Structures are given as C-alpha cells and as structure tokens.
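According to mature numbering (1 follows the signal peptide of the UniProt record, and there is no 0), the sequence shown holds residues -18 to -1, 1 to 161 in order. For every residue, glycine included, the Cβ atom is placed at its ideal position computed from N, Cα and C. Quick caveat: nothing in here was measured; it's all calculated off a predicted structure. Have a look at the structure below, then the notes.
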Amino acid sequence: MKYLAPALLVTLILGACATQQQPANPPVANSNKQDSGDKVASVDLTKTQPVNNTGTDPLHDPKSLLSQRLVQFDYDAFVVKSDYRDLLAAHAQYLATHPAARLVIQGHADERGSAEYNLALGQKRANAVREVLNAQGIADKQLETVSFGEEKPLDAGHDEAAWARNRRAQLVYSGEVAQ
C-alpha cells in the first residue's frame, strides 16, 4: 500500500507526458484524406492500412502493427512504456476508423505475489492501456478491461525470462480468441 501513491503519481505524470505528444497523431489520422504525398507516405499509415486491394485484414496481417497484441510491463509495475506508443496509436487509429469494433484489454501478472495482488496488478495494467487509448480519443464504449492475474501465463517457466513474458496486457478484439 505504501507504494501505491508513488506509483499512481508516476502513472499520472507519464500519462500527462503522453497526452502532450498527442499532436503527432493527427497527421496520421488526416493522412487517410490523401491530400498530399507526404501524408500518404507516413510510416504509421502503411503499417495500419492494407497495402493492396486484396482485402487483407490489417488485424491479422503480420506486416501490420495491429497484429501485435502484447504490451509488456516491468516487474511490479503498471506504467505503459514509451516503446508501445506506436503500437497503441495504431490500435487507436483502427478503433477510431471502425466504431463498431470492440477491444478487450486483458491484464496479466507473473506468478510471484498473492493471487489477490496479481489480480489487482493485472487490472491496473489493463486500465493503464485503456487510459492511453482514451487519451488518443477512444471512448470507453469500445473498450473493456479484465484481469486474469497469474492464471493465464504465456510461459509456464519459473525464471525471470518466463516472468517477464507473463507481465503483460493482451489486446483481443471481440470475436477473437486470445492466443
């Protein structure tokens, strides 16, 4: 409990920093208008939109950021790292252009700590990802959070590498099964 207030303060401060960098996202959103060659050539746009007219679903295209569904966390932390800014921006853009889409954000923890603590930590991780998406304009009606704590590990090992893989938030679109 004594670490909750400082951790919350760090989350709020980092959240404020992420909000200040939001102006970088509008050019990507405006690039769908194809007003200029510079906007069409945007790296974010090519990663989140089908490249050809074959109807490739960007959610399942391995070349798309949208196919990446894991946000990893440090030990005993629920702050979204800046490494995931582009990934979450791509998912926010997809959700903004697909208002019927629904995203379930599943929070997970490693096996260390009590089951109750890990459920709470998993929820905090899911909520942190939701807050990043909210800051990018995605309404709560498109988002759902759930915590599985330590119950659904990606890696059943009992070492630091396995624990690091299990400290995550997993993005699952409605109708999909988490892998």
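At the 8 Å Cβ level, is residue i part of the contact set with chain B, yes or no?
i	result
Val128	Any reference to chain B falls outside this structure, which holds one protein chain only.
May I ask you to list the residues that DSSP assigns as paired with residue i?
i	result
residue 207	Residue 207 lies beyond the range of the chain shown here (-18 to 161); nothing can be said about it.
Val128	Gln88
Quick check on this structure: which residue in the options has the alpha carbon closest to the alpha carbon of residue i?
i	options	result
Arg51	Leu70, Asp65 and Ala102	Leu70
Ala78	His90, Gly89, Asp122 and Pro44	Asp122
Val114	Ser46, Lys45, Gly89 and Val62	Val62
Arg94	Gly119, Ala59 and Val86	Ala59
Glu126	Val154, Pro44 and Tyr66	Val154
Asn116	Ile87, Asp92, Ser96 and Glu132	Ile87
Under a Cβ-count criterion, where at least 16 other Cβ atoms within 10 Å of its own Cβ denotes burial, should residue i be classed as buried or exposed?
i	result
Asp17	Only weak support exists for where Asp17 lies, its pLDDT of 40 falling under 50; the coordinates are left without a value.
Glu142	exposed
Asp56	exposed
Val128	exposed
His90	buried
Ser46	buried
Asp65	exposed
### Query
What residue ranges within the segment 45 to 84 form continuous alpha helix (DSSP H) runs of no fewer than 4 residues, ordered along the chain?
67 to 79
### Query
Is there contact here, the segment 97 to 109 with the segment 138 to 146, by at least three beta-carbon pairs under 8 Å?
no
### Query
Looking at C-beta atoms only, is the number of pairs between the segment 76 to 84 and the segment 94 to 103 that lie closer than 8 Å three or more?
no
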